[in-house]
Each structure stands twice: as structure tokens, then as C-alpha cells.
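Peer 1: One line per chain: the protein sequences are W and G, in this order.
Residues in the first sequence are numbered from 1 upward in steps of one, following our numbering.
Residues in the second sequence are numbered from 1001 upward in steps of one, following our numbering.
Note that beta-carbon positions come from the ideal geometry of N, C-alpha and C, so glycine has one too.
Let me give you the structure first, and then I'll get to my questions.
There are 2 protein chains.
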Amino acid sequence: MPETLPIDGNEAAARSAYALSEVIAIYPITPASNMGEWCDDQAAKGAKNIWGSVPAVVELQSEAGAAGAAHGAVTGGALTATFTASQGLLLKIPVLYKIAGELSPFVAHVAARSLATHALSIFGDHSDVMAARGAGLAMLASGSVQEAHDLAAVAHLAALESRIPFLHFFDGFRTSHEVHKIETLGEDDFRALVDEPAVRRLRARALDPERPALKGSSQNPDVFFQGREAANPFYFDCPEKTQAVMDRFAKRTGRAYRLFDYYGHPEAQRVIMLMGSGAGAAQEAADAINARGGRVGVLQVRLYRPFCAPALLRALPRTVRAVAALDRCKEPGAPGEPLFLDVATALQEAWAGGQTPWARMPRAINGRYGLASKEFTPAMAAAVFAELARGEPQPRFTVGIKDDVTRLSLDYESEFSTEAPETTRAVFFGLGADGTVGANKNTIKIIAQHSDLHAQGYFVYDSKKSGSLTVSHLRFGPKPIRSTYLIRQAQFVACHAPQLLERVDVLGLAAPGGTFLLNTSEPEKAFANLPREAQLALIDKKLAFYAIDAYILARAAGLGPRINTVMQVCFFEITKLLPGYLELVKAAIRKTYGGKSEELVERNFRVVEQALRHLRRVEVPARPDATRRRGVELPGSAPEFVRNFTRELMAGRGDELPVG
Amino acid sequence: MPETLPIDGNEAAARSAYALSEVIAIYPITPASNMGEWCDDQAAKGAKNIWGSVPAVVELQSEAGAAGAAHGAVTGGALTATFTASQGLLLKIPVLYKIAGELSPFVAHVAARSLATHALSIFGDHSDVMAARGAGLAMLASGSVQEAHDLAAVAHLAALESRIPFLHFFDGFRTSHEVHKIETLGEDDFRALVDEPAVRRLRARALDPERPALKGSSQNPDVFFQGREAANPFYFDCPEKTQAVMDRFAKRTGRAYRLFDYYGHPEAQRVIMLMGSGAGAAQEAADAINARGGRVGVLQVRLYRPFCAPALLRALPRTVRAVAALDRCKEPGAPGEPLFLDVATALQEAWAGGQTPWARMPRAINGRYGLASKEFTPAMAAAVFAELARGEPQPRFTVGIKDDVTRLSLDYESEFSTEAPETTRAVFFGLGADGTVGANKNTIKIIAQHSDLHAQGYFVYDSKKSGSLTVSHLRFGPKPIRSTYLIRQAQFVACHAPQLLERVDVLGLAAPGGTFLLNTSEPEKAFANLPREAQLALIDKKLAFYAIDAYILARAAGLGPRINTVMQVCFFEITKLLPGYLELVKAAIRKTYGGKSEELVERNFRVVEQALRHLRRVEVPARPDATRRRGVELPGSAPEFVRNFTRELMAGRGDELPVG
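Here it is as C-alpha cells:
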């Protein structure tokens, strides 16, 4: 049955893959691991795909092995999927050339992640999928959790019908780990959408000792080239077949997708083209600019391969004068990043062919953004639109950083905001593994299930995992949420570990007039104990200040250091987001702990009541009285590099460091 | 000392790599293996690089291991090289991203080979190097054996000076295995060209426990993007530094190269752009067309990465109206092949920027050619020039095959020939491992050393190696030879195994008025024993026909089945290419066998004399008398696929099979 569920992008994609696969070959790599884990878990529970069988979920010895297993499975006529990212995808490339060369329709779902270059990073960008773009797979890009679910299904269906294997990808972390309330597809939907004759044709093509056929031979110069060209018709037909699947999908679900989705002013003069989660931020910027009389738009690329230039040109407004292709990757030495080269070529050919509605050739410029999950905000998109308005726009640029070396970066107004006033934004500072993230996911689940509010949660960890900073960014609102970036102005800020205030600018994210909730062992001295900067922020921003000693309450209830229930109750109590939340929190507690022990349930119930009793509003005086300042203490002997560079990282200001 | 040597492209590149390296990490893969083998052999003999040390030539457990070893070596401050191709290059890609990301100047020499897709092929095209183009290496393309030697050196020198690692590539087989008389660089040349301060800077950057430094860390979203952009200045400077190295090289050697080398009419309207060995064939076509009043040219891409669009635009004639970018690879689903996307983008930006001399935007079209060593001839290049002259040229095409499915292929006049009349062309049909190829290489060596003639040899094997057909294509002439394609009209054709006449159209390659030499056990019945088609060819083409029983002579001299000396002597005797050849052949025999036994030398001397005595001119009657026809006998029960397809392959007509 279709359901409304708050899940992350990995689960969203995995659900479609699981329903439509018989063999799932996996090997874990961040940030894609959860897709394999979810499927493995489902198979262990005996969950069935839409044909009534439990998919074989097989973990191999490496990603190369997973690719080899997938190759064998699909060649044997099985509906096959795999999941991967980054270097894992690189290890699969040799086999992907084979699978595509043999027109075997399997699907790889990729939580796109940067490749290790000057440094390794587990975070998200498109370097990995771009490194695989020569292999001959169709490539479909999702920009949100809902899309990761929907287009995962489209990828499986279109692969089956076109015989082209699909690589379906979405942004690592930003989409793979964002929790979002989405509409899921039910078994009936999948059944209605799948092309059963295509399934039978796949099985009929299977290698079979009863019907011997030759595949994957060694060919010499005499016939190899001809054999390679024989695949052309399949690639030529793939875009149309993919659009046909999307149209069927829209009819069934009401959610419509196109190969290139245009959003914005119908007579836009300036257009940003991009793929993945950045589209959400760019669309918000376009709305804001158009609301002020601008004429801009966003062209979101969904089917990146096979690249259908006529569809791109049809989707572009006839009025366009300048386009910016934004690439979330960097291929040093290339004349432009991959998407830009495709776009510029499409413009060149259309213009030289004389079949365009344009008065003059549109300018095309190329920007890099968002490498390794660097933020991409509406402010940055607005900077790109502003650049496009210039007579001589910068042909190559970066956005989101300050490049003081090659001066490619665009400046952007960090104050530019498109946050909807009706959306509640809450940010929680915690320590890795302290339960903050789990509690927030639980909060989203409760709100998603018991209200009509849309809900989004994104969780910033650093790669060191346990023990370091986590920041949870939650949005709730009556309208769909497409803000694919971190919250910068939260009406509610909570700090679950008071020592964080000593080194991080926690209240920098508080919106004026908002609320600050602090867990502290001395609630009565909550204000006095703050560093001077935090006191000033409370005063200047006129924040309502609440404090509670969650540690002592949790300990008293026998819950040890697990302060999550206390803090969750305080959040609900202060924000009043959900009437009757108390019963829902208790029901959640019963659901979580009921299977374990009644005693544990009681303890949590007790702590809920204690939380409400001890939560206190703290008076904020008119003037600060602290002399202690926030900051990282370094020994005087620290070398210059540590003082200028490492200290900034430790203070959470790495984003502001320039290239130099 | 600089020398004039007849060597193949692999040895040509390996010689430069060896002279300029301290660590050479290898793993064998066709067609690049010989580079590693040559270096291994040199190191075993104690040969020194220009710094007076014997390079460490280390064979690893796979190409991934070779890349890892190279990464470690260059990080440790060693001048480092590796050799590879095809899937071997794919296995190196993850490490190449690292090496480039860390700006470590090593060099990979690649004998470019197709990647396994619908079928595996050991033959040459650019699929492999294109699959690696995202990694951030500079990429330098050689189109001939001389260039493979020269640009291998340029790659090492430019890497050192720019800090960008280089991938230097040339066409597998066509260049890697072509034997060509070239000018080699001497130790003094290398010493004069190398930038010693840059060597010292490389060593100073080495990881060293005495001077600890951090490399290859894990970075989070805060600083990864900035770190990635810090490499920009090195990439921006690389083209200029590479040109500076080329200029120094030209001053020293007289051989001049540019990032983009233009050849042809200074006011060309139609230009072909390509890289690798195809440039030779395209240049010949351009000469022929310009000689008839055409205005065409060829732009040979040497520095493909970093791609320097301004240098490309400067190299293009201002008069250009249409360009064809030819790619020796296929990336299904891409809007165009890699080189074309770069070229079309350069045109788009130049035009939209309003800084071009053109009256209108040039048309740009894109063709694929030469996949898996498919022939690329002047006739095919002429077909591309003809396509460019059409009002509405086909935007995407193939050339060199007949595509009856998607009809992308251009027709070409197979009669179009640009062979120089002063060049002697000789073709030898033999069986794998029968000594024919070895004898021909020896012939080239003798001629190269003892005359001013230019010399080229190319050897067509199929991948099954021993026992199947080999065809040796030899050219000798007073002018430089840039014919990077097989001979179609040979003045001299030899057949070293008479049974080949029964299934292969040996005399199809004979030029009218030429000579045919046949090894047969019945020289007196030489004509009568021929199949009817061969008799007709001898008569129609008015060929001079010679026969000898080389088998019996070799056996009588105690040489067993080794007929190579007999056939070599006959070739020299008939063609009169080299006055006084007899002493040279004998000297070569003494050099080859002298170390083994005087007895063996004597036997070979004897066989030389016997050959001259028994070589006989065969009368060719006016009419054929044979009824037996050439052809592959198939059992009547053979299935249709075998009759229509396999039979054609067996008859050596696979090239003519269409895509369908």
C-alpha cells in the first residue's frame, strides 16, 4: 500500500530497488551502505518483491565483486540491482562497460560522493558518477528523497524496457541521509507500472545451456567496430522510453517528471542548469527573484545519459539569453565540467544549424559548487543569476567558497534568504552518539504521522563519528519543503551539551525573537555560565531562553546518560508544534521499549513528567555579565599553521577559510 | 648518443621513460607489455638512466598495484613511470585521482587500447585513455613512432616542471607495434633538456620522517572544496609550460611540436581535428585534396589535457567554415564523443563571446573511427572532408564501416589512394610464429642501417597468436613515411605459406605490374597449383611471378622449418632495394648466430646461396587453367549464421560485414 513515511533517501531508493529486484549484490561504502543494509534486513525478515519471491541479497568481497555478481545475475536473466558510491563505483567501472556493452538492464543506485584526490572525503558530490559516464549506462539524477524513491522505480522500469542499464544517483548525505516525509509506492503501484513482457524478454535472453549462445567473445579489428555500433538503436530509443515510463508513473501517482524539468519564469532570460539536490535551492532563489520582477528559471537535468539535446532545447524558454551550467564535480584540465560541455555543445549545434528561436547565441558559463557536501544555498544560486545578468559574465567560476588564489569564486549575499515564514526551523547541537540525532528522527516520525505538516531532517556529523559535534536541522511546515541546505535562521535552537557553547557559535543560527533551549547541570545559573558571546546573542536577538538539567533527570530515572527523551519533550512543549504531543510521545516510548521491559517504559514516562516540571524559562538580563569568551585555547607554542588554520577548523569556521 | 634506429613505438616511448626515471612500476597488458619488458631487460643489463643509476623496474601483482607503487615512489620523491593499457588503465584510475590530486608528477605511458564492452578486443583505440580523462592528469597524444619517443620525453619533462602528472598515449598496435626508422635522443639530449632544479624541488617535497608533513588526509565539507581549488594555478600554467618544453626540445633536436599542430591549407575552410596516428592518414588526404585546389587542413591535438581552448582557436585558420572532430572511441549515451564536446564548446564560447574572426559560426560535426584498430585511411579522411563540404553535413557519423542499421556511416571511395610513387610497398603473408615477421623486422633493420631510405613495418596478427595468418606491411622510401594504415597496393607481395592462397585473397593487395613471390614445395607447378582467382589476378595485373621451395632448402641446410632467411634473400634479390645486400645479410647472420655456433652461421650462409640459385621466375600464361576456386569449405549442414557470418570472417572479409 502507498504510505506517507518519513524516511531518508537511501531507504527511499532501496524500497523501490527491493520491490523490483531478484538479485541484489552489495558491498558497503559510505554514504550508500544503508541501501544495502535495508535490503539485507528486509530479506532476513522474508519480505518479498512484487513477484512474491525474497530477493537474494548477497554481500561480496568488494565492489568489484558486487559488480561481477550483478553482471552474472543479469546475464542469467535475473532482475538485478546494486548500490555504491565513490571509489566503490570506480571499482565497478570495468564491469559496467561490459554490462552496458552487452545491453543488460541492471540498475546501480549511487549515493553520489566525492572521489579521493588531494584528500579523501566521505561527503557528497558528483565526481564518482561523472567518472563512470563513459561506460554507457543511462544516468538518472534525483534531487530529493521523494525523487530518490520515484526515480529509483523509473530507473528499474526504463532499464527493463530499453535494455540499457541505469545508474540512478542522488546526492550523498544531502539526499541519502535527509529524512523527509514522502509518499511511497505500494506493491500495486509497482505491479501496475512494470512491463511484464519486458521481464519475460529479459528471461528469454538469459544464457542457458539448453539454448547455447555466444556472448562476450574476443573480437579483432574486422568486426569489433560494427558490433559496437549495433547498440545505437537502443540508445537512441532510451530517452523516449524513459519519458514514457515517467508519463505512466505520473498517471498512476500524480507525480510528474520530465527528462529536463524546467521551473521558473516562462519567459526567462537567465537559466541555471544543474542536477541533484541543488535544484531545490536554485528554485527557491528563482522564485524570490521572479517575485521581485526578475525573469529567471532553473532547468533540472534528470536523464543525464543518454543526453537528449532536443529535449533540452525544447525545455529551455525561447527567451533565454544566458545559461549557467552548474557541476557538482571538478575534472582538472577539462575545458569545462561535464554538464557544461554537453550544454555548450547543444547550444553550438543548435545555433550553427540555424534552427533556434534566439536572436543571438546565448552565453553559457560554467560553475562548480557543492564539492564534498559544501553548502549550496539560494543565496549562492542568486549570485549565479546575478552573474548571468552581467554583460561579460565570468566564464568559469566557483560558488560557495572564497577563492583568493585564482579568484574564480562568486561573492554572494549571505543574508539572502528564501525560508518560508510558515515553516518552523529547529536546530539541535549535540555530541556524536548522545542520542540527539535519534531523538530528532523520532520527532520527525511523530510529527509526520500525526499531522499534515511536511517534515525534513538533516543531520550534520563530521566523519570522526562518535563524540564530536552533531547538528540536526529540522523543518516542519504546511507547504512542501525543498530547502536542500542547512538552516541559517532557526526559530528554535537547542544545545544538548553545554560545553559546545565554549567553542561553537551555537546562537549564530538563532533567528531574532526565537527560542534557545539549553541542557545544563546548573539551570539556575544558566545565563551566568554562558560565555560572553552567547549572552550578547540572547540579548541582541531577544531570544526566549529555556534551561533544564536533563542529565540529572535521566540519571534519576535510571536512564543513565540518555537525555534524548527529556530534550524531545522540552522541544514539543516549547514549540507547541503538535497539540496532544504528550500522548504521542508516550505511545512512541511504549512502541520503542514495550518489547523490552515495562520497567523501561515506566522510567521513560517518569522522565517525561519530570521534564515538564523542571523545564524553566530563564530571565535574560539587559546586559551581559560574563567576561569569559568563547574560543579554542591553544598553547602559545602552537605553530602558525595551527593557530591560523587548525584553530578555525576546531571552531567550526572551516567554511570561511579561503583557498589560499 | 642520438642514433637512427628502426624500433617500434613501445620501445621508442620506453627509451625516453627509462632515461628519465628512477622507479618504473609495471604490470603487463597487451599492447603495452613491451614497454615494461624493454625496461626490465635494460635494468637487468645494468643500463643507467641519465643520473647514472639503474632504475628500479618492479613488477607488481596487478595494474592497481603498479599504480600504488608509483604513487608511493613519486610521493617519496622519485622520478616515476608506469606503462599500461585498456582494463589495466581502468584499474589504476582510483590511484590516478590521488596522484593528480596531490600534484605528484609521474608519467603513465599508455599504448591505447579498446575497453571490453560487447566483446573484448586487444586492439587499439582511445576508449581507455578517455575513461581516465576525469582524473586530472595532463594527457599528451603521439601519432607516430618518432612522436612516441619525443613526446614521451616531453611528458616527463613537462610533468616535472608543471607538477601535473602526465598520461602520454599513442595508438595500440598502430603505433606501439609499428617499426619505424626514427631519430632517437641521446643521453646528452636528455641531460640538456631536463630541468635539474625541478628535480631537486621534487625531492624536496618528498615525504620524509625528518620533516613531517601531512598528505592525503580526510577532509569534511568545511575545507575540501577550497583544497581542491588550490590546484588551479598548476593546471592553468601547464599548457604554457608544456609548450616551453616543446620549444626547448625543438631547439635541441629540430623536431617542433605544438599543443595543437595545424597542417594544411593556410586558408582552409574545412578542418579535421583528431589525435593519435590517424593524423598521418588525414594529412595525406589533405595534401591530395589541396593539390587539386581544395582548401582543407588537419588539426592534430597533442596536449588534450589541460585543454587549452585559446591555443586551439589560434591554431585554427580564420577562414574555417566547418570542422569535424574525429574520436577514436565511443561513449554511448553521450551527446558527442569527448574531443568533439571540447571543440564544440570552444566554438560556442568563442562565438558567444564575440571575439572570433568568423563570418558565421562554423559547423562542427563528430565522427567515430578506428575502434579496435579498424583501419583509418586517407580515403576515409577524404570522405569526412567531403561531408564537411555539404550544406547540411551529418552531425554524427562513423567512418570505416558500413552501418546498415542506424545509417551513420559515411561512404568512402576505396580507390582513393595517396601512396607516394617513390615508396616501395611490400606485403608478406605468413603463418603466426613461422619467422616471417622476424625476418621482415630484420629486413627493415638492414635497410634502415645501410641506406638513407625511410622505413616502416606494420604487422597484422590476429589475437589468436601462433599458427594463424600474419601479414607484414613494409614501406621503404626516400621521403618520410606517415602512412598510418595498411598497404592496399603493394609492388611486392610474398606468400610464405602456399595454403593461404586457398582461403585469403593474397593477390588483392598486389599493384598492377608488381611482383609476386611464392614459397611452394612444387615451384615447377607454381602456376598450375594456384586457385583460379590467383591465376586470374596474375594475368590481369600483369604480375611478375617468382617461386621457390624454401621448405626444402631450409631443411637441407639443417634449419628445419625456418624459411625466413631464404625468403628474405629472395625479397632483396627481386626488389634490388639495397645494392650490396648480400654482404649485409651475411653480416646480419653472423651477428645473430655468431655467438651460438659457427656451424649455424655456415648453414645460413649456405642457404643464402641456395636461395639465389633456386629462385625462379615463373611464366604466366595468357589464360588461367585452374578450375579449383578459393574459398572456405563448410559442411552443408552449417547453420545460416556460420554460412553468412563466420565464413566471411574466416575468409578475411570481416571488415566488409555491415553492422546488421
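(1) Check whether the Cβ of residue 51 of chain W lies closer than 8 angstroms to any Cβ atom in chain G.
(2) With three or more C-beta pairs closer than 8 angstroms as the rule, is the segment 152–164 of chain W touching the segment 265–278 of chain W?
(3) Just the C-alpha distance for residue 1485 of chain G and residue 1174 of chain G, rounded to the nearest angstrom, thanks.
(4) Taking a contact to mean a Cβ-Cβ separation below 8 angstroms, would you say residue 399 of chain W touches residue 367 of chain W in this structure?
(5) Does the beta carbon of residue 336 of chain W come closer than 8 angstroms to any beta carbon on chain G?
(6) Under 8 angstroms, do residue 1659 of chain G and residue 300 of chain W count as touching if we go by C-beta distance?
(7) Taking the continuous alpha helix (DSSP H) assigned at residue 1319 of chain G, which residues delimit it?
(8) Please go through the same chain and pick out, in chain order, the residues whose beta-carbon is closer than 8 angstroms to the beta-carbon of residue 1060 of chain G, but skip the five residues on each side of it.
(9) Can you find a heavy atom of the ligand NAD that lies under 7 angstroms from the Cβ of residue 404 of chain W?
(10) Which residues of chain W have a Cβ atom closer than 8 angstroms to the Cβ of residue 1093 of chain G, listed in chain order?
(11) Any Cβ of chain G within less than 8 angstroms of the Cβ of residue 243 of chain W?
(12) Does the structure place the segment 364–381 of chain W close enough to the segment 1377–1392 of chain G that three or more beta carbon pairs sit under 8 angstroms?
(13) For the segment 1229–1255 of chain G, list every residue whose C-beta sits within 9 angstroms of some C-beta in chain W, in sequence order.
(14) Would you mind listing the beta strand (DSSP E) stretches within the segment 4–31 of chain W that are 3+ residues and don't spill past its ends, in chain order?
(15) Under 7 angstroms, CB to CB, which of the residues in the segment 199–231 of chain W have a partner in chain G?
(16) Candidates W:498, W:508, W:363, W:317: which alpha carbon is nearest residue 426 of chain W's?
(17) Taking buried to mean at least 16 other C-beta atoms within 10 Å of its own C-beta, is residue 641 of chain W buried or exposed?
(18) Between the alpha carbons of residue 534 of chain W and residue 488 of chain W, how many angstroms are there, rounded?
(19) Grouping DSSP H, G and I as helix and E and B as strand, with all else coil, what is residue 1396 of chain G?
(20) Counting only Cβ pairs nearer than 7 angstroms, list the residues of chain G close to residue 655 of chain W.
(21) State buried or exposed for residue 1000 of chain G, treating a residue as buried only when at least 16 other CB atoms are found within 10 Å of its CB.
(22) Using a Cβ-Cβ distance under 8 angstroms, would residue 1484 of chain G count as near chain W?
(23) Rank G:1149, G:1212, G:1372 by C-alpha distance to the C-alpha of residue 1189 of chain G and give the top, closest one.
(24) Hey, could you find the ends of the alpha helix (DSSP H) residue 589 of chain W is sitting in?
(25) Give me the Cα-Cα distance between residue 359 of chain W and residue 322 of chain W, rounded to the nearest whole angstrom.
(26) I'd like the ranges of any beta strand (DSSP E) spanning at least 3 consecutive residues and lying wholly in the segment 1263–1319 of chain G.
(27) So, does the CB of residue 378 of chain W fall closer than 8 angstroms to a CB anywhere in chain G?
(28) Does the count of Cβ pairs from the segment 1232–1241 of chain G and the segment 1296–1315 of chain G closer than 8 angstroms reach three?
(29) Using a Cβ-Cβ distance cut-off of 8 angstroms, determine whether residue 361 of chain W contacts chain C.
(30) Using three-state DSSP, classify residue 1112 of chain G as helix, strand or coil.
(31) Can you name the residues of chain G whose CB is closer than 8 angstroms to the CB of residue 351 of chain W?
(32) Along chain G, in chain order, which residues have C-beta atoms closer than 8 angstroms to that of residue 114 of chain W?
(33) Do you know offhand how far residue 1272 of chain G's Cα is from residue 338 of chain W's?
(34) Would DSSP call residue 178 of chain W helix, strand or coil?
(35) On the three-pair Cβ rule with 8 angstroms, is the segment 1239–1259 of chain G touching the segment 1274–1294 of chain G?
(36) Looking at the C-beta of residue 1265 of chain G, does it have a partner C-beta in chain W at a distance below 8 angstroms?
Peer 2: Reading it off the structure:
(1) no
(2) no
(3) 8 angstroms
(4) yes
(5) By this cut-off, residue 336 of chain W is an interface position.
(6) No, Cβ-Cβ distance for residue 1659 of chain G and residue 300 of chain W is not below 8 angstroms.
(7) The continuous stretches of alpha helix (DSSP H) do not include residue 1319 of chain G, and DSSP gives it neither H nor E.
(8) So the list reads 1025, 1026, 1027, 1066, 1068, 1069, once near-sequence residues are dropped.
(9) Ligands in the displayed structure: none, and consequently the ligand NAD is not present.
(10) For residue 1093 of chain G, the chain W residues whose Cβ falls inside 8 angstroms of its Cβ are 90, 93, 131, in order along the chain.
(11) no
(12) no
(13) 1229, 1230, 1231, 1232, 1233, 1234, 1235, 1236, 1238
(14) Taking only runs of at least 3 residues, the beta strand (DSSP E) segments lying wholly in the segment 4–31 of chain W are 4–8, 23–26.
(15) Listed by position along the chain: 216, 217, 218, 219, 220, 221, 222, 223, 224, 225, 226, 227, 228, 229, 230, 231.
(16) W:508
(17) Counting Cβ neighbours within 10 Å, residue 641 of chain W comes out exposed, since fewer than 16 surround it.
(18) Approximately 16 angstroms between the Cα atoms of the pair.
(19) strand
(20) 1222
(21) The structure shown does not extend to residue 1000 of chain G, since chain G is modelled only from 1001 through 1660, so no value can be given for it.
(22) no
(23) It is G:1149 whose Cα lies nearest to the Cα of residue 1189 of chain G.
(24) 581–593
(25) 12 angstroms
(26) 1270–1274, 1296–1301, 1303–1305
(27) no
(28) yes
(29) Absent from the structure: chain C. Protein chains present are W and G.
(30) strand
(31) 1348, 1351, 1361
(32) 1224
(33) 23 angstroms
(34) coil
(35) no
(36) no
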